[in-house]
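Here's the structure we're looking at; comments come further down.
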Amino acid sequence: MKWRWTRSRIRVYWQLPRSPKRKSRPGISDEEARRAVFMRSSQIRKLILLAVLVALIAIAGSVQIAGFIIEYNWWKEVEQVDAWLSMLWYEIAPAAAGMLIVFIVLWLAHARGLQYAGLRFRDLGLYSRLVPVALLVAAALLASASIDYWVVMRYAGSRHITLPAGPEGTPWRDPVFSRTLPFYLFALPFYSDLLTFAFVLSILSIVVFWATARGWQEVQRFHSWRRSGGSAESFRLEPNVLMLPGATRSGFVRVIAIVLLLGFAGWTFLGNFELLFNSHAFMTGADYVDEKAVLPLRWLLIAAALIGIPLVWTRRYRMTVAALAAVYGLMLLLPVLIRAVYVRPNEISIERPYIERHLEATRLAFGLNRRATERPFSAAARETVDPVQHAALLENIRLWDWRAYSDTINQIQALRPYYKFPDTDVDRYIINGRIKQVLLSPREIDVRQLPADAQASWINPHFIYTHGFGVVVSEVNKTTPDGLPVLLIADAPPEIRSSGFRLTRPEIYYGESTHDPVFVATLRQEFDYPSGEQNKYSTYQGTGGFPVGSFLIQAAAAVALGEPNIILTRYFNDRSRIMIYRNVRSRLVHLAGFLHWDGDPYLVITDDGRLVWIVDGYATSQSHPYSAILPVAGLRGGANYIRNSVKASVDAYTGKMALYIFDPDDPIIQAYQHLFPKLFRPASEMPADLRRHVRYPEVQFQTQAEAYRIFHMRDPQVFYNKEDVWEIARGLYGQSGKPEPMSPTYIVATLPGERDPEFLLMLPFAPRGKDNLIGWMAARCDGDRLGELIYFQLPKQQLVYGPMQIESRIDQEQTIAKDLTLWNQQGSRVLRGNMIALPVSDGFLYVESIYIQAVEARMP
């Protein structure tokens, strides 16, 4: 096979290779014949290489197509194809537009470079065919690296935001530029990315222009050198090879330089707003020097850049550079001088108004003032608790620490090695007409714990062991005579031991430990639960997953999941379905990855006996002016703005998801609601049996506690000196006896000044470096009071024992200390449960459970 090159196309024609042993034709030497055979062999090798390349491209393309088919069917399953197409549009359209712009600009830069070198594009043969490909690749790389489609998407959705009124009756505005919060959340990141894109493209176009012009100049000089008799080995590049004589006179270079100046001016302008995020030793945001010195100098720098535009056009580059350098030098020196000479000696008085801005903004960003009240708490010492007045409290004292409870349940209720209880959740149910706090643990399946020969089978984890089965529920304050939990729901099949529950769908296809795809409603029955020496099996009857009966879906799944057995197995029928994204959190991340999803979903038993997960979704940002960045569980880098805007439900049997908006005032969720109107529902549409189990999330509460322990100080001078910083109270857990910060605790109690018991989330505080109690905060979880925060502050002149001091008193009590020492011997060890501080009228009741655990078994 031979290739014939022409200017317009490639022609291919066939010629049978001659045997080298055949006698050469007259006039053709043996050497020429061997060379012809070698050339034909080389062409065949090139053809094989081309075929391999085409095959690789086809394989890569098939993987993409297969993935697209599977994704489409998954989004169709969850009834959100419109949302998926919108996401694809915002992912593809900005990148395609950016790629086209980059290609055009770089093409013009390359063409100008060739023109500068005195060449014509059409005279360069193969080079003229390769350059468009190279520029296209460069355009794709730059566009994909510099365009964040989430930023574009959020900006597009921010046009229809309704801001709630602040304390003064108008939406909050920053104190320096008087901009509202959506500008910083949506517009500023978008404009910054846009200017960065233009700035980088301008620099890259100059590089392409210089490389093309200078490179071809050297190539032409090399050819002239060779024509004059010089050897390739003796050729040397010019000493000033990096210089491009006369380039500054080029109109193209001047236009690009002007674009750079405009971009620099715009970049500096947007950088003014970044001053509101500066981090200082005592605050976040623009301080006195930033506002009074740095900001005016930045405006001067913008003016210098704009004045430089006519100077560049008239080729006075040095004057432009000198002006910019002079202003930049002032920016480096003057603020340092002002800070050292004027601000530092009078810092607290000068920075006072700026600290007030920081305090106000941080409290606003973390919702410390939203539906929040501060109350005094006297904490009178009492030795008895009225059992009638505080009956609900005493009936719901959590004697079972969730960690000790999990160890015990995994020992007595796992039933088989492949079952496990990955988590224990605290919730409340109405049992016998009274609110009861319970511990609930789902029994999930872990295929990694199957026997080795069972794991080796591809069928077992994908067709048979597909789901967990049932839950274990127990009251928090009761034990059997053997010291075990009193179970309200136990065993498999589930045995209901309380009239407050019913369970009609105990199967858990979607859970916290379900990760691998499975196939259901196939010709193979699925394992339900063990029953004596036999196992019980069933066939899936729900609507979870999407159909996999057709060969097209089977082939796409085989390619996308890397499982060729999918198209080889004969266990599928017309009803068969495939379930993917079965992990509850991963499922929600795939559906709405723009939210931060809680890492601890909790399971609810509905009135009709179904198991439904509830997961909290958070709108977070690092773009709130003057607000401090604080750690948020599971979120890398933390945030300086957080709202629990969404609560999602995921059916454990069907995987059906619903996203409910619980904070419609949040601008971030408003933007996404505008983009995906069918994705969200108002909170009023949540079913009543789920709404009763909605609670204030631990992640947001913990973050707000971290903020409140510092930002409860409202006086700028007290805050500046950090005179009244608190810490989260410490307690002991386990055997090590090492103090650790207490975790937020769900309790059922009656708040001081209230009459009825309610489900609360609470956390105590201690002064920094001390162990006495100084305050505590509670979040309400029931009904219309969901989300209300109450901060209780204790008198600073009064000593109230904190958890660690109570721990010390326990250790010092002779009888208890003697028993603890005795129990820690002879093959057993003592575990301390987490201490719980329960508010009782105007005091606290401290409760700590003590567990005895055998050394050889994890069953407290």
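This note's numbering applies: residue 278 is where the sequence shown begins, and numbers increase by one. Cβ atoms here follow ideal geometry from the backbone N, Cα and C, with glycine treated the same way.
In this structure, the alpha-carbon of W502 lies about 25 Å from that of A388.
Classified as buried, A896 has 16 or more neighbouring CB atoms from the shown chains inside 10 Å of its CB. H970 counts as buried, since no fewer than 16 other beta carbons sit within 10 angstroms of its beta carbon. Look at M1054 here: in three-state DSSP terms it is strand. Contact annotation: S898 and A910 have beta-carbon atoms that are not nearer than 8 Å. A check of alpha carbon separations from S683 across V496, V748 and V620 identifies V748 as the nearest.
Each of L1071, R675 and A416 was checked against the Cα of G1052, and the nearest Cα belongs to L1071. Of the candidates I830, G644, R1062 and N709, the residue whose Cα lies closest to the Cα of I342 is I830. Around the beta carbon of Q714, 16 or more other beta carbons sit within 10 angstroms, so the residue counts as buried. Of the other Cβ atoms in all chains shown, fewer than 16 fall within 10 Å of the Cβ of S827; this residue is therefore exposed. With respect to A929, I785 sits close: the two C-beta atoms are nearer than 8 Å. Cβ atoms of I535 and W487 stay farther apart than 8 Å, at about 17 Å. When secondary structure is reduced to three states using DSSP, S318 falls in the helix class.
Beta-carbon to beta-carbon, G1011 and L1108 are separated by about 6 Å, close enough to satisfy the 8 Å threshold. In summary, M1112 is buried, with 16 or more beta-carbon neighbours lying within 10 Å of its beta-carbon over all protein chains present.
Sixteen is the threshold: when 16 or more other Cβ atoms of the shown chains lie within 10 Å of the Cβ of Q357, as they do, the residue is buried. Look at L1028 here: in three-state DSSP terms it is coil, with no helix or strand label. It is roughly 49 Å from the alpha-carbon of S469 to the alpha-carbon of G1079. DSSP, reduced to helix, strand and coil, places F939 outside both helices and strands of the structure shown, so it counts as coil. About 5 Å separates the beta carbons of E789 and P699, which is inside the 8 Å limit, making them a contact pair. Between F559 and the set I584, S508, R629 and Y605, the nearest pair of CA atoms involves R629. For N754, the CB contacts under 6 Å within the same chain, skipping 5 residues up- and downstream, are I674 and L676 in chain order.
In chain order, S751, E752, K755, T756 and T757 place their CB closer than 8 Å to the CB of V763, counting only its own chain and leaving out the 5 sequence neighbours on each side. With a contact defined as Cβ atoms closer than 8 Å, I946 and V923 qualify at about 6 Å.
DSSP places G540 in no beta strand (DSSP E) but in the uninterrupted alpha helix (DSSP H) bounded by G528 to E551.
Apart from the 5 residues on each side of it in sequence, R991 sits with its Cβ closer than 8 Å to the Cβ of L636 in its chain, given in chain order. About 38 Å separates the CB atoms of A948 and A1006; that is not less than 8 Å, and the two are not in contact. Residue Q1074 holds the alpha-carbon nearest to the alpha-carbon of F654 among Q1074, R397 and A570.
Of all alpha-carbon atoms in V530, I843 and D884, the one lying nearest the alpha-carbon of A965 is that of D884. For the set Y432, P824 and I381, the Cα lying nearest the Cα of V410 is the one of I381. Less than 8 Å separates the beta-carbon of D1048 from that of M1081. By the CB criterion at 8 Å, G932 and R864 fall inside the cutoff.
Here the C-alpha atom of V620 lies approximately 17 Å from the C-alpha atom of E633. By the CB criterion at 8 Å, L547 and L478 fall outside the cutoff.
Of the candidates L765, P770 and A769, the residue whose Cα lies closest to the Cα of F778 is L765.
Nearest Cα to P573 within the set S482, V453, I627 and A394: V453.
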